[in-house]
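Colleague: My questions all concern the structure below.
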Ligand code: ADP
Ligand code: MG
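In the numbering used here, the protein residues as written are 65 to 983.
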């Protein structure tokens, strides 16, 4: 590609485009089918297979594979060693069944991961990057995916450049292309033709896909898209890792590892114990006995492992992300879902997030007076009249082109809209001045929140002026004099009056803007050294703009306060304006709280900032780079910080924050890209709702882990009780027979327990989660109390199961009947327990019918578990036996007793104000 080395008109011709009208939609469609979508293909297909293989080889699954192997071995022994075909066959069945379960589990895992990825992709699509193009002669916003060569694109501060383009027009356009060149200083772009052998980094008339616009504006023509762009050629660098483990997933992995170690120990111990038992009972150890022991050990190890935990976890997190999206909070990764629940500091922009961003000029001071403005139909405009100059400056040094014909098209910077609107009411419009009178705009230095001002160079006949507007304290520093009643007054004389005026406006919560002018020479206009030019201003006046607070924010802030989440306001506005609004919204409740200004932050060391940061609630006149320091200072106190931002300069702060929040409507593409949470409606209240959802999801995760682990404890203990307490045959049953078979345990883990656990992911919050403190992010998922409770409940369940088994054995039933009774006692025990697991007090405090999915899954689990004891096929496979009706009744309802009994005890204690969390 050598578009940098040819003339502009030739580039446009080469792509048969037009700078005025762009491509036609038809042409764009044709090119789309020719060049494809504007993406750099990521290697996705390979990883689907990888995920499946991964699922098959997870540590948990490896244990199951070992079980398969040992079961086959035992079957081989039965067949060859003892010629016992019956036993051999049932072992083969068991091995096959475990293999099927491994594949079903891996399949579920795989399916779930792909689904999670798909729904995250879908969520991300909503935040797809957009570009402004000209097509069919109209300006449009389209997804960057649909850009084709020849498209005319417009770029402004905060945009990404989405394809390789040749610049046609630029205005102070500065771009960072560090992803290609490694150089992070912005490069000033222009549209001049370059020599043929110019190096990539020197191609100042080109924009490259993936760079960010940090200043100014530009119009360019797309010359390459997707894989044909410079970055596309070195793709692979760009690939993002989209499957990071979330902190919870990590800690669950650690938890399962620990459980597996413990299980290995218990299994090993009970295996050896069993051998001794056999030796003492029978005087020798037989191969047959060893294999019996092995099958018992397999059952034990399978019972000890929470197989379904990882799958259920990712399901619940994905459900959570979807719930948040419905509430207009878009999370880009599952990890953010849980971080939100732990957030304890929210640093929010003021304008647009806490306020409505509907700005109106209410107070003004022009040419030394605040009289009523009067609208006159003017034939001539005189920039030498300070009153007129104020308005001329307000409309020409303004992003908005508001005129009588388009008063309703209020798109763009709200501050500029307010000024344009105000000026129009006095008879001044940009369009009129530019089209019908002799005013020309030469150059624009756009507003940026660091400089807190904007200026424009204009030409009026043969004279040149710099028009400036911005924060009054900034302009005051650059002002030599001020117009009062038509006369220039030395500003040092007037400064006190001016300051009093400004702070008077600010105390009424008004946003303040000063307007200024300065005559410059033609030479200065061309050379245009911004800093020098902006330094000898004459002030024309001042306006106060009201930006009403959003009504619903007050309630959100009160809720967050209850939830021990601190809200901090960060704004570029005047300290008094900030304070007035903070008070109005309840961020601070009295006047004694001080406001920290950007200047103060500037003078502080990181340590000094850290010392004060926990107590401060309002930061005013700050620049974007202060935001990052505030985040870091809070994080130094181990606070979990959420930070909002909208401009390109906010990106580093958003990335540093634990939760970077970007505005969905008014945010720039760059901030959206660095954010973890996107507010689709730009509203502060959405942050509050997301925090609440985060907490709810976490509570649900904790509940299902409780349920899963309780069941595991119950399974292991019921087998161990059998191993240690049964030393001689009971009735017809050998002392070596395990209480439950391996497949029964797998059934419980994979079906009857994991389905209701998964339904817990859909639970609403119990009580008001916003009455609690945020969870410490590094606290264990289950507190000591809860772990203890899991242990207590699991053990009691095991005792019930064991008692049922002994009763069955003692009444002379067969081994498989006794095991079936134990199995159903366990199934129903945990089905009753699930209603307790979703409550942090007792099961009487939650309406069991509030989660219909839970009821449905519990019913399904109950019926299907009974079914596998009746169906001959499953009898064969799982070693179950049909029972009599009265026994079915008994195993369905008796296991409810311990759960209810414990809850009743707890209620009694609670009524005596004794709180015990551990049972
Ligand atoms: P925030 O977004 O936190 O309210 P800004 O950085 O937008 O703050 O604005 C900071 C200050 O810059 C404002 O108080 C105002 O004085 C000035 N300002 C804001 N917008 C403009 C603009 N479009 N042109 C000139 N000055 C502006
Ligand atoms: Mg702003």
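Glycine is no exception: its CB is placed at the ideal position from the N, C-alpha and C atoms.
Given the structure is predicted, the values throughout are model-derived calculations rather than measurements.
#1: On a CA-only basis, which of 528, 662 and 453 is nearest residue 637? Give me that one, please.
#2: Tell me whether residue 500 is buried or exposed, calling it buried when 16 or more other Cβ atoms sit within 10 Å of its Cβ.
#3: Taking the continuous beta strand (DSSP E) assigned at residue 51, which residues delimit it?
#4: Would you kindly work out how many angstroms separate the C-alpha atoms of residue 212 and residue 480, rounded to a whole number?
#5: Per DSSP, what kind of secondary structure is residue 778 in: helix, strand or coil?
#6: Strictly by DSSP, which residues pair up with residue 808?
#7: State yes or no: is the C-beta of residue 585 within less than 9 Å of the C-beta of residue 606?
#8: Can you tell me whether residue 112 is buried or exposed? The criterion is at least 16 other CB atoms within 10 Å of its CB, across all chains shown.
#9: Let's test the definition: count the other Cβ atoms within 10 Å of the Cβ of residue 701 and tell me whether it reaches 16, buried, or not, exposed.
#10: For residue 107, name the three-state secondary structure that DSSP assigns.
#11: Taking DSSP's pairing of strands, which residues face residue 507 in a bridge?
#12: Which residue comes first and which comes last in the beta strand (DSSP E) that contains residue 394?
#13: Shorter than 8 Å, the distance from the beta carbon of residue 454 to the closest heavy atom of ligand 1, or not?
#14: Enumerate, from N- to C-terminal direction, the unbroken alpha helix (DSSP H) stretches of 4 or more residues contained entirely within the segment 251-312.
#15: Along the beta strand (DSSP E) that carries residue 666, what are the first and last residues, could you check?
#16: Counting along the chain, where does the beta strand (DSSP E) carrying residue 743 start and finish?
#17: Residue 442 by DSSP, collapsed to three states: which one?
#18: Could you check how far apart the C-beta atoms of residue 804 and residue 782 are, in whole angstroms? I think they sit under 8 Å.
#19: In three-state DSSP terms, what is residue 73?
#20: So who's on the other strand from residue 217, going by DSSP bridges?
#21: Verify the contact flag: residue 748, CB atom, against every heavy atom of ligand 1, threshold strictly below 8 Å.
#22: Take residue 315 and list the residues in its own chain whose beta-carbon comes closer than 8 Å to its own, dropping the five residues that flank it on each side.
#23: Tell me whether the beta-carbon of residue 898 lies closer than 9 Å to the beta-carbon of residue 771.
#24: Which word fits residue 109, buried or exposed, when buried means at least 16 other C-beta atoms lie within 10 angstroms of its C-beta?
#25: Please report the straight-line C-alpha distance between residue 713 and residue 689, rounded to a whole angstrom.
#26: Of all the options 433, 590 and 860, which has the alpha carbon lying nearest to the alpha carbon of residue 779?
#27: Nearest-angstrom Cα distance between residue 149 and residue 143?
#28: Checking 9 Å against the spacing of the C-beta atoms, do residue 944 and residue 884 come in under that value?
#29: In terms of DSSP beta bridges, what is residue 413 paired with?
#30: Hey, would you say the C-beta of residue 513 is under 8 Å away from at least one heavy atom of ligand 1?
#31: Taking 6 Å as the limit between beta carbons, can you name the residues of its chain near residue 360, skipping five residues before and five after?
#32: What did DSSP end up calling residue 379 once you bin it into helix, strand or coil?
#33: Let me know the secondary structure DSSP gives residue 751 once reduced to three states.
#34: Can residue 928 and residue 816 be called in contact, C-beta distance under 9 Å?
#35: Any idea if residue 326 is buried or exposed, counting beta-carbon neighbours within 10 angstroms, 16 or more meaning buried?
#36: Among 977, 697 and 654, whose alpha-carbon lies nearest the alpha-carbon of residue 675?
Modeller: Let's see:
#1: Locating residue 637 in the chain shown gives position 573, counting from the first residue. The candidate whose alpha carbon is nearest that of residue 637 is 662.
#2: Here residue 500 refers to the residue found at position 436 of the chain shown. Classification of residue 500: exposed, given that the 10 Å Cβ count is below 16.
#3: Any property of residue 51 remains undetermined from this structure, which presents the chain solely from 65 to 983.
#4: Residue numbering aside, residue 212 sits at position 148 when the chain shown is read from its first letter. Residue numbering aside, residue 480 sits at position 416 when the chain shown is read from its first letter. Using only the alpha carbons, I get a separation of about 33 Å.
#5: Counted from its first residue, the chain shown places residue 778 at position 714. Reduced to three states, the DSSP call for residue 778 is helix.
#6: Within the chain shown, residue 808 is the residue found at index 744, counting from 1. DSSP output for residue 808 lists no bridge partner at all.
#7: In the chain shown, residue 585 corresponds to position 521, counting from 1. In the chain shown, residue 606 corresponds to position 542, counting from 1. No, these two residues do not count as a Cβ contact at 9 Å.
#8: As a working mapping, residue 112 is identified with position 48 in the chain shown. Residue 112 is exposed by the Cβ-count criterion.
#9: Position 637 of the chain shown, counted from the start, is the residue given in the question as residue 701. Residue 701 should be labelled exposed.
#10: Here residue 107 refers to the residue found at position 43 of the chain shown. Per-residue confidence for residue 107 stands at a pLDDT of 47, beneath the threshold of 50, marking its modelled position as unreliable; no derived number is given.
#11: As a first step, residue 507 must be located in the chain shown, where it is residue number 443. DSSP output for residue 507 lists 521 as bridge partner(s).
#12: Taking the first residue of the chain shown as position 1, residue 394 is located at position 330. Segment 393-395, the beta strand (DSSP E) holding residue 394.
#13: Against the chain shown, residue 454 aligns to sequence position 390. No; taking the cut-off as 8 Å, the Cβ of residue 454 has no heavy atom of ligand 1 nearer than that.
#14: 294-297
#15: Here the question's residue 666 lines up with position 602 in the chain shown. That residue, residue 666, is in no beta strand (DSSP E); its alpha helix (DSSP H) goes 662-667.
#16: By one-based count along the chain shown, residue 743 stands at place 679. Its beta strand (DSSP E) spans residues 741-743.
#17: Start at 1 with the first residue of the chain shown, and residue 442 comes out as number 378. Three-state DSSP puts residue 442 in coil, outside helix and strand.
#18: As a working note, residue 804 is residue 740 in the chain shown. As a working note, residue 782 is residue 718 in the chain shown. That belief holds up - the Cβ atoms of residue 804 and residue 782 are roughly 6 Å apart, short of 8 Å.
#19: Position 9 of the chain shown, counted from the first residue, corresponds to residue 73. Here residue 73 sits in helix by DSSP.
#20: Taking the first residue of the chain shown as 1, we reach residue 217 at position 153. Residue 217 is bridged to 197 and 284.
#21: As a working mapping, residue 748 is identified with position 684 in the chain shown. Result no, Cβ not under 8 Å from ligand 1.
#22: By 1-based counting over the chain shown, the position of residue 315 is 251. Hits under 8 Å: 844 and 845.
#23: Against the chain shown, residue 898 aligns to sequence position 834. Against the chain shown, residue 771 aligns to sequence position 707. A contact, by the Cβ cut-off of 9 Å.
#24: Here residue 109 is taken as the residue at index 45 of the chain shown, counted from 1. Its pLDDT being 48, under 50, residue 109 is placed unreliably in this model, and the value from its coordinates should be taken loosely. Exposed, since its Cβ has fewer than 16 Cβ neighbours within 10 Å.
#25: As a working note, residue 713 is residue 649 in the chain shown. As a working note, residue 689 is residue 625 in the chain shown. Distance between the alpha carbons of residue 713 and residue 689 is about 7 Å.
#26: Taking the chain shown and counting its residues from 1, one reaches residue 779 at position 715. Checked all of 433, 590 and 860; the closest Cα to residue 779 is 860.
#27: Looking up residue 149 in the chain shown gives position 85. Looking up residue 143 in the chain shown gives position 79. Each residue's alpha carbon lies about 6 Å from the other.
#28: Within the chain shown, numbered from 1, the residue matching residue 944 stands at position 880. Within the chain shown, numbered from 1, the residue matching residue 884 stands at position 820. Contact flag set, yes.
#29: Taking the chain shown and counting its residues from 1, one reaches residue 413 at position 349. Residue 413 pairs with 634.
#30: The residue labelled residue 513 in the question sits at position 449 within the chain shown. Yes.
#31: Position 296 of the chain shown, counted from the start, is the residue given in the question as residue 360. Cβ within range, chain order: 802.
#32: Here the question's residue 379 lines up with position 315 in the chain shown. In this structure, residue 379 counts as helix in the three-state DSSP scheme.
#33: For the purposes of this step, residue 751 is identified with residue 687 of the chain shown, where counting begins at 1. Three-state DSSP puts residue 751 in a helix.
#34: By one-based count along the chain shown, residue 928 stands at place 864. By one-based count along the chain shown, residue 816 stands at place 752. It is a contact, given that the beta carbons lie within the stated cut-off.
#35: For this step, residue 326 is matched to residue 262 along the chain shown. Exposed, by the Cβ-count rule.
#36: Counted from its first residue, the chain shown places residue 675 at position 611. With distances taken between Cα atoms, residue 675 lies closest to 697.
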